[in-house]
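Down below is the structure, laid out as structure tokens.
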Amino acid sequence: MSVQTMPQAELAAPKTERDVRLDFFRGLAMFVIFVAHLPGNSWFLFIPARFGFSSAGELFVFCSGLASAFAFGRMFQREGWWQGTRRILYRIWQVYWAHIGLALGLIGVSVAGLELTGVDYPRLLGLEWLFAHAGEGLLKLMTLRFTPAFLDILPMYLVLLAMIPAMMLLAKLSRLAPLLAMTALWLGVQAFGINLMGGQMPEMVWFFNPFAWQLVFFTGFAFGMRWLPMPKLERGMLFWFCVVILIASVPVNFWAFTENFAVLEQVHDWFVPADGKTNLVLPLYLHFLASAYVALVLVEPVKVRLARLWPVILVGQQALATFMASILLAWVGGMVLDQIGRNEAAMALVNLAGFAGLVLVAAIAQGYKGGKAKPAHRPDQREAAPAAPDSVPRTALVPAE
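This note's numbering applies: residue 50 is where the sequence shown begins, and numbers increase by one.
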């Protein structure tokens, strides 16, 4: 069906009014990401990712796709493909320099930590190759061919943003076309291992394979653009089927089981092999969708009250700034724990201080933009909604040891 003959309702841009659930779940994700990045954090053992296959990596990417639909979809459909593409390029420019700034910040903090404490934090962050090949290393860092731990999500996000104009072109043919394209690309990764070079060493590949993770991103984008219909949020057969999936995944993921029964660890590794997180194997994707649906159904009766949790909402509204802050604060928090010890009181102090830091960064970012926090309306069930928070990757962003 051509764009000229497509029904007007199909061409209508999604509403741009913010859905409080999107900000709420993104905010929760930032707090969980901080917990998971804090080295040696005992709280890490009890984040949702310890109980299932999927993680806050999936949540972060899904919500980014959903937010991108809300932010850019109307511009593509109202002002045309070229204007939409220009806006995407501007966002890519912003995120690229955010990534470089985060990289330089982590490098600077690590060097300062080495000077002050004698602990080789640059080595712990995986910067040995960069320091040993200063000129070449800087070039590869700037061209995204060197993405060490803590610095591997934003490069993936850049590639995902760059795919949006192509998906919007395909959507002019049919709303099914981008869905078929994203599925075909994911299948290509599973069959041929397509990826980009430049992980923690130049000869390695990206930890977050953008050609696989685009499936999660464009699932969120498709819900935001109404290419995919939202299922009814009710405790019916679908809900209980998803609950069974979540319960069944606990024994092969929760450390209390896998550390005592080797066969359960083997089952987990069969479902999610060594490169399973990198290439987003099917169990991760399905577990995320199940957890998303269950959480949305559970939130449905109280969704109008979510706006009262303003610190979480504020953090979610400033996702880029708070994501960067979560990484830096976690790394600095790990240095603090190295000095004061890792008893439970110290853990609580550093974790709660990190949470407060995220709220403070969000407030500063909101104030810098020159306005009050964007009001979150009471979500309507008919509108696309974000997935539920789950947790963070098992090994992706250097979780606590």
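In this text, a Cβ means the ideal position worked out from N, Cα and C, and glycines have one as well.
When the five nearest sequence neighbours on each side are left out, the beta carbons in the same chain lying within less than 7 Å of the beta carbon of F303 are those of R99 and F100, in order along the chain. Per DSSP, the beta-bridge partners of V254 are M246. Taking a C-beta distance under 9 Å as the contact criterion, S91 and M384 do not qualify as a contact pair. In this structure the stretch 134 to 152 touches the stretch 368 to 384; the number of beta carbon pairs closer than 8 Å is three or more.
Within the DSSP bridge table, the entry for D72 names no partner.
Two segments are said to touch when three or more pairs of C-beta atoms, one from each, lie closer than 8 Å; by this definition the stretch 201 to 218 touches the stretch 256 to 266.
Nearest in C-alpha terms to I362, of all of L407, Y334, V158 and T232, is L407. Of all alpha-carbon atoms in M274, V343, V312 and D201, the one lying nearest the alpha-carbon of M286 is that of V343. With a 10 Å radius around the Cβ and a threshold of 16 neighbouring Cβ atoms, W235 comes out buried. When the alpha-carbon of Q415 is set against those of E128, E393 and P360, the nearest one is in P360.
V110 counts as buried, since at least 16 other C-beta atoms from the protein chains shown sit within 10 angstroms of its C-beta. Contact check for V321 and L282: beta-carbon distance about 28 Å, past the 8 Å limit, so the pair fails to qualify. Cβ atoms of F102 and L333 come within 8 Å of each other, at about 5 Å.
Under a 10 Å Cβ-count criterion, A305 is classified as exposed, with fewer than 16 other Cβ atoms of the shown protein chains found around its own Cβ. Judged by DSSP in its simplified three-state form, R284 adopts coil rather than helix or strand. The Cβ-Cβ distance between V399 and L87 falls below 9 Å. Three or more Cβ pairs closer than 8 Å define a contact, and the stretch 219 to 237 falls short of that threshold against the stretch 176 to 187.
The three-state secondary structure of T307, taken from DSSP, is helix.
A contact is defined here as three or more CB-CB pairs under 8 Å, and the stretch 269 to 282 fails this definition with respect to the stretch 128 to 139.
DSSP places W276 in the coil class of the three-state scheme, outside both helix and strand. In the three-state scheme derived from DSSP, where H, G and I count as helix and E and B as strand, V351 is classed as helix. A distance of 9 Å or more separates the beta carbons of A147 and M274. Contact between L329 and A261 holds: CB atoms are separated by about 4 Å, below the 8 Å threshold. I202 counts as buried, since at least 16 other C-beta atoms from the protein chains shown sit within 10 angstroms of its C-beta.
The Cβ atoms of F125 and F404 do not sit closer than 9 Å to each other. When the five nearest sequence neighbours on each side are left out, the beta carbons in the same chain lying within less than 8 Å of the beta carbon of I149 are those of L190 and M191, in order along the chain.
Distances from the alpha-carbon of A85 to those of D68, S104 and G76 put S104 closest.
Membership of K221 in the alpha helix (DSSP H) is indicated by the continuous run I202 to L222. A Cβ-Cβ distance of about 22 Å is found for the pair Q263 and A198, leaving them out of contact under the 8 Å criterion. By the beta-carbon neighbour count (other beta carbons within 10 angstroms, threshold 16), F288 is buried.
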